[in-house]
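Residue numbers (this note's numbering): 1026 to 1127.
To start, the structure itself, in structure tokens.
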């Protein structure tokens, strides 16, 4: 029974990863691609954790932390790039006294 659940979880995570790759390639917007990248990283972490449990090895815990960190920093870099590429729309606080008060 445990083997069946393990294989089912690997299959579902693999399918989710493929769908995430598809969304990264065909996403209509950059935000969709960023979210798809996050989903793919999450699936990779899940697959690594499952294989760590299957092989009863604690070495993969470090790999899970590395993949999670790379995914987080990659997402932050994408968002930073997206924010810096937006056109400047003027000063948001035109009608304030500089401290956020009208």
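Just so it is clear, CB atoms sit at the ideal spot from N, CA and C, and this is done for glycine as well.
- Straight across, the Cα-Cα distance linking residue 1105 with residue 1041 is about 26 Å.
- Here the alpha carbons of residue 1066 and residue 1055 stand approximately 17 Å from one another.
- Distance from the Cα of residue 1031 is smallest, within the candidate group 1102, 1078, 1109 and 1070, for 1078.
- Non-local beta-carbon contacts of residue 1112 in its own chain, meaning distances under 8 Å to residues more than five positions away in sequence, are absent.
- Closest option to residue 1062, judged by alpha-carbon separation, among 1076, 1044 and 1074: 1044.
- Rounded to the nearest angstrom, the gap between the Cα atoms of residue 1090 and residue 1099 is 14 Å.
- Sequence-distant partners of residue 1086 (beyond 5 residues in either direction) whose C-beta falls short of 7 Å from its own C-beta, in its chain, are 1077.
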